[in-house]
Amino acid sequence: METNEEELRIGVFVCHCGFNIGGVIDVPAVAEYAKTLPNVVCAEQDLYMCSSAGLNLIKECMEKHNLNRVIVASCTPATHEPLFRKTCEEAGLNKYLFEMVNIREHSSWVHMHYPKEATEKAKDLIRMAVAKATYLEPQIEPELEINPSALVIGGGIAGMTAAMSLARQGFTVHLAEKEAELGGMLRYLHKLQPTERDASEVLREAVIAVKANTSIHLHVSTLVKEIDGFIGNFNVMLQKGGSSELEQINVGTIIVATGADVFKPVEMYGYKENENVVTQLELEQLLKKGELKEPEKIIMIQCVGAREKTGRTYCSRICCMVALNNALLLKKLYPDVEINILFRDLQTYGEYEDFYREARLNFINFIRYDPDRPPKVTSQPDGKLPVTVYDAYLGADIELSSDLVVLSTPLVQHEEGRKLSPVLRVPLGADGFFFEAHPKLRPVDFMSDGIYVCGTAHGPKDVTESITQAYAAASRAGIPMALGKIKAGAIKATVDKEICVNCDACEVSCIFNAVEAEPFGLPSIIEANCKGCGVCAAECPMGAMQLVHFTDEQIVATIEALFKTKKPVNSGESLEPLVLCFACQWCSYGAADLAGVSRIQYPPNVRILRVPCSGRVDVLHVLKAFQSGADGVIITGCHIGDCHYIDGNVKAKDRVDILKKSLGVLSIDPERFEMDFASSSEGQRFATMMTDFVEKIRRLGPNPLRVKKGGD
Ligand code: FES
Numbered sequence: 001m002e003t004n005e006e007e008l009r010i011g012v013f014v015c016h017c018g019f020n021i022g023g024v025i026d027v028p029a030v031a032e033y034a035k036t037l038p039n040v041v042c043a044e045q046d047l048y049m050c051s052s053a054g055l056n057l058i059k060e061c062m063e064k065h066n067l068n069r070v071i072v073a074s075c076t077p078a079t080h081e082p083l084f085r086k087t088c089e090e091a092g093l094n095k096y097l098f099e100m101v102n103i104r105e106h107s108s109w110v111h112m113h114y115p116k117e118a119t120e121k122a123k124d125l126i127r128m129a130v131a132k133a134t135y136l137e138p139q140i141e142p143e144l145e146i147n148p149s150a151l152v153i154g155g156g157i158a159g160m161t162a163a164m165s166l167a168r169q170g171f172t173v174h175l176a177e178k179e180a181e182l183g184g185m186l187r188y189l190h191k192l193q194p195t196e197r198d199a200s201e202v203l204r205e206a207v208i209a210v211k212a213n214t215s216i217h218l219h220v221s222t223l224v225k226e227i228d229g230f231i232g233n234f235n236v237m238l239q240k241g242g243s244s245e246l247e248q249i250n251v252g253t254i255i256v257a258t259g260a261d262v263f264k265p266v267e268m269y270g271y272k273e274n275e276n277v278v279t280q281l282e283l284e285q286l287l288k289k290g291e292l293k294e295p296e297k298i299i300m301i302q303c304v305g306a307r308e309k310t311g312r313t314y315c316s317r318i319c320c321m322v323a324l325n326n327a328l329l330l331k332k333l334y335p336d337v338e339i340n341i342l343f344r345d346l347q348t349y350g351e352y353e354d355f356y357r358e359a360r361l362n363f364i365n366f367i368r369y370d371p372d373r374p375p376k377v378t379s380q381p382d383g384k385l386p387v388t389v390y391d392a393y394l395g396a397d398i399e400l401s402s403d404l405v406v407l408s409t410p411l412v413q414h415e416e417g418r419k420l421s422p423v424l425r426v427p428l429g430a431d432g433f434f435f436e437a438h439p440k441l442r443p444v445d446f447m448s449d450g451i452y453v454c455g456t457a458h459g460p461k462d463v464t465e466s467i468t469q470a471y472a473a474a475s476r477a478g479i480p481m482a483l484g485k486i487k488a489g490a491i492k493a494t495v496d497k498e499i500c501v502n503c504d505a506c507e508v509s510c511i512f513n514a515v516e517a518e519p520f521g522l523p524s525i526i527e528a529n530c531k532g533c534g535v536c537a538a539e540c541p542m543g544a545m546q547l548v549h550f551t552d553e554q555i556v557a558t559i560e561a562l563f564k565t566k567k568p569v570n571s572g573e574s575l576e577p578l579v580l581c582f583a584c585q586w587c588s589y590g591a592a593d594l595a596g597v598s599r600i601q602y603p604p605n606v607r608i609l610r611v612p613c614s615g616r617v618d619v620l621h622v623l624k625a626f627q628s629g630a631d632g633v634i635i636t637g638c639h640i641g642d643c644h645y646i647d648g649n650v651k652a653k654d655r656v657d658i659l660k661k662s663l664g665v666l667s668i669d670p671e672r673f674e675m676d677f678a679s680s681s682e683g684q685r686f687a688t689m690m691t692d693f694v695e696k697i698r699r700l701g702p703n704p705l706r707v708k709k710g711g712d
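Residues 1 to 712 (my numbering) are what the sequence shown spells out, left to right.
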């Protein structure tokens with residue numbers, strides 16, 4: 001099926017999704033409307049477009065009408081785009097000539113009580129997609145050879161498990177550990193739950209297996225200093241034992257299993273001032289070495305240094321289980337010991353709920369404290385440690401005596417992990433842990449192809465979870481290595497050297513070293529390094545740098561199409577505002593999807609335009625939106641620190657701040673333009689952001705450029 005720019009033949013397929021779309025949106029009317037759009041030669045509807053019948057309908061229409069562009073209006077591309085793209089390929093159409101419109105999560109599910117407006121919105125979104133489709137171009141995905149060897153960074157239980165799994169799959173593995181010994185944090189743990197197995201036994205078995213495997217090349221006392229290259233061909237520089245000499249290895253994939261540290265609660269609850277105030281990890285070491293003096297009364301304090309208002313705001317997930325585990329072990333060792341656990345909330349998921357019940361049966365006490373009135377520990381000369389705690393249930397302070405205080409502190413990213421992040425060019429999240437490409441769809445992948453993550457480097461988890469995730473990472477890394485070749489995505493930057501003025505803005509803005517240029521010379525793209533964020537394209541003042549599939553031409557056409565049918569407003573006339581929302585395809589688009597899945601309603605005045613990263617949004621796009629009649633423009637992205645392209649959102653925010661200052665010159669109130677952030681788990685936040693922004697725009701009234709046009 002040939003693509004001919006002069007003879008565009010677009011097919012639009014609108015899905016009812018059973019009652020999910022069809023119960024709110026007038027699908028037949030939307031399909032009829034689509035037929036009226038330029039270059040649309042067929043528009044069909046089906047009950048389930050993703051069913052075999054729906055996919056066959058698409059293929060039949062492609063054949064019958066000789067379609068060279070296909071648009072499906074249905075659910076989120078996050079789950080169904082690959083299926084529809086594959087269908088296009090099977091029917092002989094390049095998959096980059098397909099475009100998807102989300103009228104379920106972004107319309108019918110979030111405007112359930114506004115069927116008319118939801119239907120209008122679906123029409124708008126399809127019109128935008130048709131305009132973009134006009135400028136779509138077929139792309140060829142380059143094929144990359146994959147070196148069938150891997151580097152695993154970190155020799156804790158996750159790293160050793162991943163290395164063993166890869167070695168068993170037949171790949172060569174380099175296992176780099178910064179310490180002189182393997183084992184990571186497992187070396188300090190005592191008994192592992194739920195089996196009460198000795199951690200040292202598990203460790204010993206793992207180390208013996210790793211050392212005995214001839215496919216694993218062990219590099220202890222070794223740091224990863226530099227990494228260059230891309231999936232299939234990473235050149236890695238290893239530095240051994242502080243020597244200045246570097247050893248170079250070449251690998252096809254990389255697994256990050258660098259583990260975590262435990263937060264040291266210095267200056268909290270008498271820690272380091274009184275030797276009988278210890279962390280849970282230190283307690284485990286005392287138990288392991290048999291060095292614990294028999295205690296009479298123990299108090300454990302949960303959430304020490306975790307779930308704070310700033311900094312370590314996260315829950316470390318495993319501390320409640322660790323406390324229960326250690327409390328039960330202590331009860332077995334010293335049946336008469338009195339144990340009080342002071343907690344904020346107890347999270348004992350899965351089988352650990354049984355541990356909680358067992359703890360209650362063993363007369364371990366649980367006292368809930370108020371984080372605004374945390375417990376107070378006093379050190380007495382006789383070594384006793386009385387603790388005062390405000391019991392939230394009793395509504396009063398109570399005094400407890402103890403001779404051992406155990407603090408449950410969170411896992412934190414350690415220094416080496418922080419240093420590794422820029423070396424690998426993979427992001428850390430706001431909590432400091434390594435940040436996966438997508439929490440649901442790509443939970444062990446990084447955005448950079450060929451690099452994977454597992455264990456506590458990714459966030460707090462117990463040994464079982466770390467091992468499970470290590471197997472997952474090894475399986476993911478094994479796929480390209482087993483294939484020997486993979487197709488790399490075609491969404492990359494391109495440069496028009498005719499227009500380029502050699503300003504270096506693209507090279508300076510690219511954090512992935514994907515733009516190469518002599519100072520003030522013509523740039524060229526290192527395709528393998530380009531992650532397709534589009535930051536360079538947005539920074540280019542000449543429009544010489546473009547991002548395939550998200551070119552300025554395509555984005556501008558989409559924007560113009562949205563406002564094309566909107567009438568000018570007469571002065572004094574009040575109309576429903578129309579807001580354009582740029583959403584990065586990762587967090588904020590995911591948040592909008594989640595708002596839909598959760599049926600969280602927000603005003604139907606918002607039209608979402610998907611971009612790879614908020615950093616792709618050019619000043620030109622925003623100005624074009626206002627010039628075309630947008631009453632408000634909002635750019636949404638991942639939270640600062642969470643951008644899947646490291647700092648695309650920071651660059652977007654910088655641009656927003658500058659542009660807001662200049663909008664007044666164009667008679668546009670800067671309040672009409674905003675940037676906000678949401679993670680893909682924040683559906684409610686996204687809905688609230690949209691509701692608040694639409695309300696603000698409603699108060700501001702119509703875009704004056706729209707009013708002016710009406711008066712002309
Ligand atoms: Fe979401 Fe960059 S990927 S803002």
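Yeah, the Cβ is synthetic: ideal placement off N, Cα and C, and Gly gets one too.
Since we're looking at a predicted model, the values are computed, not measured.
Rounded to whole angstroms, what's the CA-CA distance from residue 117 to residue 97? Just pull it up for me.
-> Position 117 of the sequence shown, counted from the start, is the residue given in the question as residue 117. Position 97 of the sequence shown, counted from the start, is the residue given in the question as residue 97. The straight-line gap from Cα to Cα measures roughly 29 Å.
So, using beta-carbon positions, are residue 30 and residue 10 closer together than 8 Å?
-> For the purposes of this step, residue 30 is taken as residue 30 along the sequence shown, with counting starting at 1. For the purposes of this step, residue 10 is taken as residue 10 along the sequence shown, with counting starting at 1. Result no, Cβ atoms of residue 30 and residue 10 do not sit closer than 8 Å.
Over the uninterrupted alpha helix (DSSP H) stretch that includes residue 217, give me the two end residues.
-> In the sequence shown, the residue the question calls residue 217 occupies position 217. Per DSSP, residue 217 lies in no alpha helix (DSSP H) segment; the continuous beta strand (DSSP E) that holds it begins and ends at 216 to 219.
Under 8 Å between the Cβ atoms of residue 548 and residue 461?
-> Your numbering for residue 548 matches position 548 in the sequence shown. Your numbering for residue 461 matches position 461 in the sequence shown. No. Outside cutoff.
For the beta strand (DSSP E) that contains residue 452, what are its first and last residues?
-> Translated into positions along the sequence shown, residue 452 becomes position 452. Where residue 452 is concerned, the enclosing beta strand (DSSP E) stretches over 451 to 453.
Are at least three pairs of beta-carbons, each pair with one atom in the region 284 to 296 and one in the region 476 to 488, less than 8 Å apart?
-> no
Would you check if the distance between the CB atom of residue 124 and the CB atom of residue 599 is smaller than 8 Å?
-> Position 124 of the sequence shown holds residue 124. Position 599 of the sequence shown holds residue 599. Not in contact: residue 124 and residue 599 (Cβ atoms no closer than 8 Å).
Using 8 Å as the limit for Cβ to Cβ distance, is residue 299 near chain B?
-> Annotation note: the requested chain B is absent from the structure, which comprises a single protein chain.
So is the beta-carbon of residue 271 under 7 Å away from any non-hydrogen atom of ligand 1?
-> Along the sequence shown, read from residue 1 onward, the residue named residue 271 stands at position 271. Checking every heavy atom of ligand 1 against the Cβ of residue 271, none is found closer than 7 Å.
Buried or exposed: which applies to residue 363, given that a residue is buried once 16 or more other Cβ atoms fall within 10 Å of its Cβ?
-> For this step, residue 363 is matched to residue 363 along the sequence shown. Classification of residue 363: exposed, given that the 10 Å Cβ count is below 16.
With burial defined as no fewer than 16 other Cβ atoms inside 10 Å of the residue's Cβ, what is the status of residue 154: buried or exposed?
-> The residue you call residue 154 lines up with position 154 of the sequence shown. Under this definition residue 154 is a buried residue.
Are the CB atoms of residue 347 and residue 315 nearer to each other than 8 Å?
-> In the sequence shown, the residue the question calls residue 347 occupies position 347. In the sequence shown, the residue the question calls residue 315 occupies position 315. The answer is yes: Cβ separation under 8 Å.
Distance, residue 672 Cα to residue 254 Cα | In the sequence shown, the residue the question calls residue 254 occupies position 254. In the sequence shown, the residue the question calls residue 672 occupies position 672. Answer to the nearest angstrom: the Cα atoms are 45 Å apart.
Is residue 697 helix, strand or coil when you go by DSSP?
-> Working through the sequence shown from its first residue, we reach residue 697 at position 697. Of the three classes helix, strand and coil, the one that applies to residue 697 here is helix, per DSSP.
Whose CA, out of 659, 82, 122, lies closest to the CA of residue 16?
-> Working through the sequence shown from its first residue, we reach residue 16 at position 16. The candidate whose alpha carbon is nearest that of residue 16 is 122.
Is residue 144 near residue 231, with beta carbons less than 8 Å apart?
-> Counting from one through the sequence shown, the residue named residue 144 turns up at place 144. Counting from one through the sequence shown, the residue named residue 231 turns up at place 231. In terms of Cβ geometry, residue 144 and residue 231 form a close pair [threshold 8 Å].
So what does DSSP say about residue 369, is it helix, strand or coil?
-> Counting from 1 along the sequence shown, the entry for residue 369 is found at position 369. Residue 369 falls in the strand class under three-state DSSP.
Neighbourhood of residue 257 by C-beta, 7 Å cutoff - its chain only, sequence neighbours within 5 removed = The sequence position of residue 257 within the sequence shown is 257, counting from 1. Cβ within range, chain order: 152, 153, 154, 156, 158, 159, 162, 454, 455, 457, 470.
Under 8 Å, do residue 301 and residue 405 count as touching if we go by C-beta distance?
-> For the purposes of this step, residue 301 is taken as the residue at position 301 of the sequence shown. For the purposes of this step, residue 405 is taken as the residue at position 405 of the sequence shown. Yes, they are a contact pair.
Residue 42 lies in the alpha helix (DSSP H); which residues open and close that run?
-> Your numbering for residue 42 matches position 42 in the sequence shown. That residue, residue 42, is in no alpha helix (DSSP H); its beta strand (DSSP E) goes 40 to 46.
CA-to-CA distance, residue 616 to residue 507, given in whole angstroms = One-based indexing of the sequence shown puts residue 507 at position 507. One-based indexing of the sequence shown puts residue 616 at position 616. So the two alpha carbons sit approximately 15 Å from each other.
Cβ shell of residue 601 (< 8 Å), same chain only, five flanking positions each side left out = What you label residue 601 is simply residue 601 of the sequence shown in a count that begins at 1. So the list reads 110, 111, 112, 113, 687, once near-sequence residues are dropped.
Compute the Euclidean distance between the alpha carbons of residue 119 and residue 534, then round it to the nearest angstrom.
-> Position 119 of the sequence shown holds residue 119. Position 534 of the sequence shown holds residue 534. Approximately 32 Å between the Cα atoms of the pair.
Can you list, in chain order, every residue whose CB sits closer than 6 Å to a heavy atom of ligand 1?
-> 584, 586, 587, 613, 614, 615, 637, 638, 643, 644, 645, 648, 649
Ends of the beta strand (DSSP E) at residue 390?
-> Indexing the sequence shown from 1 puts residue 390 at position 390. Per DSSP, residue 390 belongs to the beta strand (DSSP E) from 387 to 391.
Give the straight-line distance between the Cα atoms of residue 438 and residue 103, rounded to the nearest whole angstrom.
-> In the sequence shown, residue 438 corresponds to position 438, counting from 1. In the sequence shown, residue 103 corresponds to position 103, counting from 1. When rounded, the distance between both Cα atoms is 22 Å.
Contact the region 617 to 629 vs the region 585 to 599: 3+ CB pairs below 8 Å = no
Buried or exposed: residue 186, going by 16 or more other Cβ atoms within 10 Å of its Cβ?
-> Along the sequence shown, read from residue 1 onward, the residue named residue 186 stands at position 186. By the 10 Å Cβ count, residue 186 comes out buried.
Residue(s) in a DSSP beta bridge with residue 608 | Mapped onto the sequence shown, residue 608 falls at position 608. Note: residue 608 sits in a beta bridge opposite 581.
Below 8 Å between beta carbons: does that hold for residue 555 and residue 628?
-> Working through the sequence shown from its first residue, we reach residue 555 at position 555. Working through the sequence shown from its first residue, we reach residue 628 at position 628. Contact flag unset, no.
Answer with buried or exposed for residue 105, where buried requires no fewer than 16 other C-beta atoms within 10 angstroms of its C-beta.
-> Here residue 105 refers to the residue found at position 105 of the sequence shown. Burial call: buried.
Own chain, CB closer than 8 Å to residue 691, minus 5 neighbours either side, in chain order | Residue mapping note: residue 691 aligns to position 691 of the sequence shown, counting from 1. Same-chain partners within the cutoff: 602, 603.
Spatial neighbours of residue 373 within its chain, please: CB distance less than 8 Å, with the 5 preceding and 5 following residues excluded, ordered by chain position.
-> Residue mapping note: residue 373 aligns to position 373 of the sequence shown, counting from 1. The residues are 390.
Taking C-alpha atoms, which residue in 195, 53, 252 lies nearest to residue 354?
-> If you number the sequence shown from 1, residue 354 lands on position 354. Out of 195, 53, 252, 195 has the C-alpha closest to the C-alpha of residue 354.
On the three-state DSSP scale, how would you describe residue 408?
-> Here the question's residue 408 lines up with position 408 in the sequence shown. Here residue 408 sits in coil by DSSP.
Might you give, ordered along the chain, the residues of its own chain that have their beta carbon closer than 7 Å to the beta carbon of residue 721, omitting 5 neighbours on each side?
-> The chain is shown only over 1 to 712; residue 721 falls outside these bounds and no answer can be derived.
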